[in-house]
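Below is one structure; the comments refer to it alone.
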Amino acid sequence: MAEVVSIAAAAASLPWDVDAVRADFPALAQLVNGHPLVYLDNAATAQKPRAVLAALENYYQRDCGNIHRSVHQLGERATEAYERARRNAQAFLGAAEPREIVFTRGTTEAINLVAATYGAANLHAGDEILLTGMEHHSNIVPWQLLAERTGARVKVAGVNDRGEVEMAEFERQLSPRTKIAAFGHISNALGTVNPVAEWTARAHAAGAVVLVDGAQSAPHLPIQVGALGCDFFAFSGHKVFGPTGIGVLWGRAALLEAMPPYQGGGDMIASVSFERTTYNRIPYKFEAGTPHIAGAIGLGAALEYLQSLGMARAAAYEQELARYGAERLAALPGVRLIGQARERTAVFSLVIEGVHPHDVATVLDTEGIAVRAGHHCAQPIMDRFGVPATTRASLAFYNTRTEIDRLAEGLEKVRRVFQF
Ligand code: PMP
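In terms of our numbering, the sequence shown is residues 1192 to 1611.
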């Protein structure tokens, strides 16, 4: 054991070999508009390492069968790979048991699942759901739908000028009526890293159940759900370098067991008759129908890949990029950074007075630089900062300082084109 720990410690102190990491991602090695691609749209979706592509190919070429009821070889292999992916997700999150891992289509479906099952069974008129002002629409609208159905009320902890929710504000919005608190770990629009363990403790003290939207934290931070203390944690496969159409809801076993099913269909039942249907045990109770088998297997491969890189090392490297990028971009005349939280990741939301974000992104694309322009599915936080949209560059552990320089040069070109 001591040996294992010391190997892990040695690995953690190794320098980050970004060129070796980049070589694992074939998509990064392409020219776009005649320039080497600079992919800075990782908050929208991340590129996929060879390990993920190989796992998908292997499933479709060799192991393609349906899961759980097959007695033939292919079905057995598929089942084994699917359930191994569940164990990978368990390990990735530090969850107690594999049955606490529910495969969903992504973060959005995971949050909808909790709202439609836990929420519908436990919320009543007059109850409150606490969100923050920087949530993604996926962590707003399911709760609004729940509020409409139950008569509960959505409350919002406001965001300060730096792009943070202060603890006093969070506590002010909590009350004995708060039944659910749901908040993002990292804001996709601002890059703010929220103190979710502290918020969770406060919400629990008020008697609320806590859901953490981990869509933007799972790709960038080591996650231990035990340390966060939350009750539910959701993330998307495609943002953690895995396939689209697959994601994870982690929930405490006791809560999942007590929740009604989400959708009805195959696999989620124990027995069906027209008189009485009984439900399967967790997590299968929440996985109706043939799931995205290949997606789960690909996600499992992505999580194994991340574990082998070491999320703590990746996070340390990204922190360096975040510091460098913030300095480099802040020095550009006419460029305003939205969101200056003290704890933040390498997400840069930019506004250039007089130039529409879509025009900025279009000019950058001519240089082979992929960024996103728009409201980032977070309109309330755009309103809070009085802008309809921003240009967002969001980095991952395969990005480099040179790419940040290319972004800065691209923004200089925007300046020349639009003469701001
Ligand atoms: N929450 C946050 C913070 C996000 O950034 C996103 C994706 N942009 C989502 C939720 C929704 O994720 P998905 O579309 O993969 O379900």
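Beta carbons are placed, not taken as given, at the ideal position from N, Cα and C, and that holds for glycine. Please read these numbers as outputs of a predicted model, since none were measured by experiment.
Relative to ligand 1, is the shortest distance from any of its heavy atoms to the C-beta of residue i smaller than 7 Å?
i	result
G1433	no
N1385	no
D1404	yes
H1483	no
A1234	yes
K1430	yes
N1330	yes
N1303	no
Q1335	no
N1379	yes
G1382	no
G1375	yes
T1299	yes
G1165	Nothing about residue 1165 can be read from this structure; the chain reaches only from 1192 to 1611.
H1566	no
H1411	no
S1427	yes
Q1238	no
H1327	yes
Q1570	no
Q1610	no
Q1510	no
Going by Cα to Cα distance, which pick from the options is closest to residue i?
i	options	result
P1474	A1445, A1397, P1434 and E1466	A1445
S1427	G1417, G1438, A1418 and C1421	G1438
W1441	P1289, I1572 and E1360	P1289
S1540	M1573, E1511 and G1559	M1573
W1334	A1316, A1307, N1313 and A1312	A1307
A1399	G1382, F1477, F1216 and K1370	K1370
K1476	I1292, Q1264, D1215 and R1467	I1292
K1239	Q1510, Y1250, A1214 and R1253	A1214
P1548	A1513, A1564 and L1412	A1564
R1472	V1542, M1450, K1346 and N1385	M1450
T1593	P1206, Y1273, Y1230 and P1217	Y1230
A1269	Q1252, L1284 and Q1281	Q1252
V1401	Q1407, A1373 and N1379	A1373
A1276	V1347, L1512 and P1482	P1482
L1321	S1261, A1513 and A1394	A1394
F1611	H1376, F1216, A1552 and V1526	V1526
L1412	I1529, I1377, N1351 and E1448	I1377
P1434	L1500, L1490 and A1316	L1490
D1318	R1519, Q1221 and R1344	R1344
Quick one: give me the first and last residue of the alpha helix (DSSP H) that residue i is part of.
i	result
K1346	Careful: K1346 lies outside any alpha helix (DSSP H), inside the beta strand (DSSP E) at R1344 to A1348.
A1163	Only positions 1192 to 1611 of the chain appear in the structure, and residue 1163 is not among them; the question remains open.
F1216	That residue, F1216, is in no alpha helix (DSSP H); it is neither H nor E in DSSP.
S1499	I1484 to L1500
T1341	V1332 to T1341
L1602	R1592 to F1609
T1298	T1298 to V1305
G1417	V1416 to L1419
Taking the CB atoms as reference points, tell me whether residue i and residue j lie closer together than 8 Å.
i	j	result
L1555	G1516	no
E1531	R1353	Just to set this straight, residue 1531 is Gln in the shown sequence, not Glu. Cβ distance < 8 Å, so Q1531 and R1353 count as in contact.
I1488	A1246	yes
M1358	E1389	yes
V1538	V1605	no
V1405	A1392	A small correction: the amino acid at residue 1405 is Gly; Val does not occupy that position in the sequence shown. Cβ atoms of G1405 and A1392: not closer than 8 Å.
Y1470	I1460	yes
S1329	T1298	yes
A1485	V1243	no
L1284	V1403	no
H1567	A1380	yes
T1581	K1430	no
G1382	R1535	yes
D1614	H1263	Limits of the chain in this structure are 1192 at one end and 1611 at the other, which puts residue 1614 out of reach.
F1423	V1608	no
Got a sec, what are the start and stop residues for the beta strand (DSSP E) residue i sits in?
i	result
V1538	V1538 to I1543
L1322	E1319 to T1323
A1584	T1581 to S1585
T1295	I1292 to T1295
R1278	No beta strand (DSSP E) contains R1278, which is instead part of the alpha helix (DSSP H) from Q1264 to L1284.
L1555	Unbroken run through L1555 is the alpha helix (DSSP H), P1548 to T1557; no beta strand (DSSP E).
R1527	V1526 to I1529
V1243	Here V1243 belongs to no beta strand (DSSP E); instead the alpha helix (DSSP H) covers R1241 to Q1252.
D1404	V1400 to D1404
F1426	F1423 to S1427
T1369	T1369 to G1375
Thinking residue i and residue j are a contact (beta carbons under 8 Å), I'd like their distance in whole angstroms, please.
i	j	result
G1324	G1342	Not quite, the Cβ-Cβ distance comes to about 23 Å (not below 8 Å), so this is no contact.
A1409	S1366	Wrong, their Cβ atoms sit about 30 Å apart, outside the cutoff.
L1523	A1599	6 Å
D1254	A1280	With 8 Å as the limit, D1254 and A1280 do not qualify as a contact, their Cβ atoms being about 19 Å apart.
E1509	F1588	6 Å
A1561	D1208	With 8 Å as the limit, A1561 and D1208 do not qualify as a contact, their Cβ atoms being about 23 Å apart.
V1223	G1559	4 Å
L1512	N1590	6 Å
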